[in-house]
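**Q** Starting off with a structure, shown below.
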Amino acid sequence: MKRVIAAEAIGSALLFATVVGSGVMAEQLAGGNIAVALLGNTIATGAMLYVLITMLGPISGAQFNPAVSLVMRLRGEFTWPGLAARIAAQLVGGIAGVWIAHAMFDLPVLQFSSHVRTGTGQWLGEFVATFGLVLTILGTARHRAEAVPMAVALYITAAYWFTSSTSFANPAITIARSLSDTFAGIAPADVAGFIAAQLAGALAAQSFARFLFDESRV
């Protein structure tokens, strides 16, 4: 269990540092062009996801995401205390990763975001982003498990661009990004709406996956 928690913590730290750090770097280099900044942020995040899932998947499943971990618990993997431990590791590791990103770019380590992200469209974007992410994980794991790292990385790369919210799709990273007043941030007041949409999307995907992949026959 210690190795699982360590994998979830370090994976979340590296992933969240990538999201925030690449956002800072992209914004600094893009000269005010938000599309170019988002593209840089997207490429770095997708690449890091592939690396982390390939490296840490055999240890912990490389979830780095409380919504994904909840779905896996509902599917019979690990225990409720195990779920709590994973989520704690994801949050602690992820927040540490955000703070490390701030330190690398000589920004104040402790800060809160002023980036407003709210409204029906963005909540729907988070529902869709998380629904698609969980469906991608479950479907690919069932039919071609070795392709999960690439499938997840490519899905998130696409979802950064086709969802109105730029695809947070992760309650832990939503909380962590509220502590970063940078390109990737989200105002603390907007966190609850995003997390509610993410959990709804994850649970909907879990139910739909049972029908779509005919899991009743397993």
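Numbering-wise (our numbering), the sequence shown opens with residue 1231 and increments by one. Glycine included, C-beta positions come from ideal geometry on N, C-alpha and C.
Using 9 Å as the threshold, is the C-beta distance between Val1328 and Ala1406 below it?
**A** Cβ distance < 9 Å, so Val1328 and Ala1406 count as in contact.
**Q** Under 9 Å, do Phe1246 and Gly1323 count as touching if we go by C-beta distance?
**A** Contact: yes.
**Q** Measuring alpha carbon to alpha carbon, tell me which of Met1231, His1332, Thr1309 and Pro1288 ends up nearest Thr1412.
**A** With distances taken between Cα atoms, Thr1412 lies closest to His1332.
**Q** Are the beta-carbon atoms of Leu1244 and Ala1383 separated by less than 9 Å?
**A** The answer is no: Cβ separation not under 9 Å.
**Q** Is the distance from the Cβ of Leu1286 to the Cβ of Ile1240 below 9 Å?
**A** Yes; because the gap between Cβ atoms is below 9 Å, this pair is in contact.
**Q** Classify Asp1420 as helix, strand or coil using the three-state DSSP reduction.
**A** Three-state DSSP puts Asp1420 in a helix.
**Q** Ends of the alpha helix (DSSP H) at Leu1340?
**A** Counting along the chain, Leu1340 falls outside any alpha helix (DSSP H), and DSSP gives it neither H nor E.
**Q** State the Cα-Cα distance for the pair Val1234 and Ser1395, rounded to the nearest angstrom.
**A** Cα to Cα, the separation comes out at about 30 Å.
**Q** Should Leu1286 be counted as a contact of the ligand ATP given a C-beta to heavy atom distance under 8 Å?
**A** Of the ligands one can find in the structure shown there are none, so the ligand ATP has no counterpart to examine.
**Q** So what's Arg1374 in DSSP terms, helix, strand or just coil?
**A** DSSP places Arg1374 in coil when its eight states are reduced to three.
**Q** I'd like to know whether the C-beta atoms of Ala1237 and Ile1289 end up nearer to each other than 9 Å.
**A** Result yes, Cβ atoms of Ala1237 and Ile1289 sit closer than 9 Å.
**Q** Please go through the stretch 1246-1318 and give each complete alpha helix (DSSP H) segment of 4 or more residues, from N-terminal end onward.
**A** As far as the stretch 1246-1318 is concerned, its whole alpha helix (DSSP H) runs of at least 4 residues are 1264-1290 and 1296-1304.
**Q** Out of Glu1356, Ala1402, Leu1409 and Trp1310, point me to the one whose CA is closest to Ser1343's CA.
**A** Among Glu1356, Ala1402, Leu1409 and Trp1310, the Cα nearest to that of Ser1343 belongs to Leu1409.
**Q** Is it the case that the stretch 1295-1305 contacts the stretch 1270-1278, given that we only count it when at least three CB pairs across the two stretches are under 8 Å?
**A** No: the two stretches stay apart, fewer than three of their Cβ pairs being nearer than 8 Å.
**Q** In angstroms with no decimal places, state the Cα-to-Cα distance between Ala1339 and Gly1355.
**A** The question names Ala, yet the displayed sequence has Val at residue 1339. So the alpha carbons of these two residues sit roughly 29 Å apart.
**Q** State the DSSP-derived secondary structure class of Val1178, mapped to helix, strand or coil.
**A** Nothing about residue 1178 can be reported from this structure: the residues present for the chain run from 1231 to 1448 only.
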